[in-house]
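Accompanying notes for the structure given below.
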Amino acid sequence: MKKLFLYLLCILLISLPGSAQKKWEIYFTNPQKIKRTGVINPQDGLISMIRNSQKNFYGAFYDISSKKIADELIAAYNRGIDVRLVTEQDTFSGDAITKILEAGIPVITDTTTGLMHNKFAIADSSSVFTGSFNTTDNGAFKNNNNAVIIHSTELAEIYSSEFREMFDQHIFGNKREQGAFAGFQKKYYVKLDDTNINVYFAPEDNVEKIIYDRLKKSKKSIRFMYFSFTSDKIGELMIEKFRAGIKVHGVFEKKGSRTEHSEYIKMKIEGLPVRLDKNKYIMHHKVIIIDDFRVITGSFNLSKNANKRNDENIIIMDSAEIAATYIDEFHRIYGRENAGE
Numbered sequence: 278m279k280k281l282f283l284y285l286l287c288i289l290l291i292s293l294p295g296s297a298q299k300k301w302e303i304y305f306t307n308p309q310k311i312k313r314t315g316v317i318n319p320q321d322g323l324i325s326m327i328r329n330s331q332k333n334f335y336g337a338f339y340d341i342s343s344k345k346i347a348d349e350l351i352a353a354y355n356r357g358i359d360v361r362l363v364t365e366q367d368t369f370s371g372d373a374i375t376k377i378l379e380a381g382i383p384v385i386t387d388t389t390t391g392l393m394h395n396k397f398a399i400a401d402s403s404s405v406f407t408g409s410f411n412t413t414d415n416g417a418f419k420n421n422n423n424a425v426i427i428h429s430t431e432l433a434e435i436y437s438s439e440f441r442e443m444f445d446q447h448i449f450g451n452k453r454e455q456g457a458f459a460g461f462q463k464k465y466y467v468k469l470d471d472t473n474i475n476v477y478f479a480p481e482d483n484v485e486k487i488i489y490d491r492l493k494k495s496k497k498s499i500r501f502m503y504f505s506f507t508s509d510k511i512g513e514l515m516i517e518k519f520r521a522g523i524k525v526h527g528v529f530e531k532k533g534s535r536t537e538h539s540e541y542i543k544m545k546i547e548g549l550p551v552r553l554d555k556n557k558y559i560m561h562h563k564v565i566i567i568d569d570f571r572v573i574t575g576s577f578n579l580s581k582n583a584n585k586r587n588d589e590n591i592i593i594m595d596s597a598e599i600a601a602t603y604i605d606e607f608h609r610i611y612g613r614e615n616a617g618e
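Counting in the numbering used here, the sequence shown runs without a single skipped number right up to 618 at its last residue.
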């Protein structure tokens with residue numbers, strides 16, 4: 278009887294919410310080397326994901342030049358993990374790629390004039406890594422980047438489908454889904470506990486419109502951090518929201534921000550509290566936080582090329598807990614004292 282009681286107690290403890298694996302982890306780089314409790318570099322998260330893979334690891338990365346990541350991929354491949362990679366043709370060179378190819382890992386490059394600009398991976402058909410992080414030393418240690426790992430078989434299947442399209446079918450810059458009813462069959466949405474998650478890919482999903490529609494629904498605040506922001510459509514909507522009393526704050530990467538194509542000068546003239554980043558290297562985020570609960574991140578810059586030509590992805594996560602971590606990152610780069618909060 279006592280053994281039965283202990284057995285039932287163990288089952289109960291295992292089933293408690295606190296005992297379950299955390300459904301997601303958020304990662305940020307720290308190029309300014311500021312003391313930040315609990316903040317982990319995206320490279321460390323990705324390495325852990327590779328090391329913990331049991332069956333397969335599939336990665337679509339714009340630039341694979343980190344020798345540390347290359348070594349981890351090779352080690353996984355050598356212990357029997359099915360490792361497959363997709364990368365951009367223009368970055369298909371260097372010691373890391375050479376080592377990967379010599380190890381026998383299959384790598385496919387894009388075939389179009391647009392970029393294979395994704396930064397995502399799937400492990401064991403159950404976990405997804407995505408964000409702005411390129412697998413480079415600069416991406417890990419010099420540039421501001423973010424990434425998220427989400428544990429969900431449903432989400433993994435959505436990203437796996439996109440990966441197979443590139444790796445198996447060699448389809449890049451896909452303007453529309455194949456087949457008469459493909460658009461209706463494609464899955465975009467996953468519910469993870471109480472968190473709604475949506476995933477979209479460019480160019481087939483018109484990501485600019487999807488972001489526009491989410492921004493249109495904002496009720497109280499918009500925060501953004503973008504490496505490249507040249508979309509007139511989204512820039513004008515943010516100005517419209519600001520005029521309507523919505524709090525709009527943003528950070529632009531300083532490189533290219535003063536060109537005629539950037540939305541930075543236009544927003545400054547309109548009085549929006551936007552500013553340039555202070556990283557002497559690159560502020561590489563592609564992030565929007567809406568109403569303190571909705572986060573949009575991924576590889577997608579707010580540009581015409583991202584929307585029309587490149588292979589890109591975004592993930593939209595409706596979670597106040599996730600949003601809080603991204604707001605902390607926003608405050609670190611923008612400055613809380615300047616955000617009116």
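Just so you know, even glycine gets a beta-carbon here, dropped at the ideal spot from N, CA and C. Source: prediction; values computed, not measured.
Option nearest residue i by Cα separation, candidates the options
| i | options | result |
| --- | --- | --- |
| I499 | R441, D568 and Y541 | D568 |
| I358 | G371, Y335, I573 and S343 | Y335 |
| T412 | S404, A398, N578 and S403 | A398 |
| S409 | Y503, D509 and I516 | Y503 |
| A601 | N578, N584 and R571 | R571 |
| N415 | G612, F305 and Y558 | Y558 |
| Y611 | S580, F577, M560 and K585 | M560 |
| I565 | K299, S534 and L492 | L492 |
| E517 | Q309, M544, S402 and Q446 | M544 |
| R586 | D372, A373, Q309 and G391 | G391 |
| S404 | R520, G450, L469 and G371 | L469 |
| V363 | M443, E530, N451 and M594 | M443 |
| L549 | E540, K555 and P383 | E540 |
Buried or exposed (CB count within 10 angstroms, at least 16 for buried), residue i
| i | result |
| --- | --- |
| N473 | exposed |
| N329 | exposed |
| S438 | exposed |
| I311 | exposed |
| G522 | exposed |
| E365 | buried |
| D387 | buried |
| E431 | exposed |
| K396 | buried |
| N355 | exposed |
| E598 | exposed |
| R313 | exposed |
Residue i - partner residues in DSSP beta bridges
| i | result |
| --- | --- |
| I474 | V467 and M594 |
| N333 | D359 |
| F444 | Partner(s): none; F444 has no beta bridge. |
| S498 | K524 |
| I399 | Y335 and V405 |
| I488 | Looking at the DSSP assignment, I488 forms no beta bridge with any residue, so it has no partner. |
| M393 | D588 |
| I341 | T412 |
| A479 | E589 |
| T536 | Partner(s): none; T536 has no beta bridge. |
Counting Cβ pairs closer than 8 Å, one from the segment 482 to 496 and one from the segment 599 to 614, do we hit at least three? no
Is the segment 370 to 383 close to the segment 346 to 353, with three or more CB pairs under 8 Å? yes
With a floor of 3 residues, list each beta strand (DSSP E) that falls wholly inside the segment 551 to 607, ordered by position along the chain. 551 to 553, 563 to 567, 571 to 575 and 589 to 595
Check whether the segment 572 to 590 touches the segment 438 to 452, taking contact to mean three or more Cβ pairs, one atom from each stretch, closer than 8 Å. yes
When the Cβ atoms of the segment 307 to 322 are set against those of the segment 420 to 439, are three or more pairs found closer than 8 Å? yes
Unbroken stretches of the alpha helix (DSSP H), 4 residues or longer, contained in the segment 366 to 391: 372 to 379
For the segment 404 to 453, list the alpha helix (DSSP H) runs that are entirely contained and at least 4 residues long, ordered along the chain. 414 to 418 and 430 to 444
Could you pull out every unbroken beta strand (DSSP E) segment of at least 3 residues lying fully inside the segment 296 to 320, listed in chain order? 301 to 305
Segments assigned alpha helix (DSSP H), at least 4 residues, entirely inside the segment 504 to 531: 509 to 520
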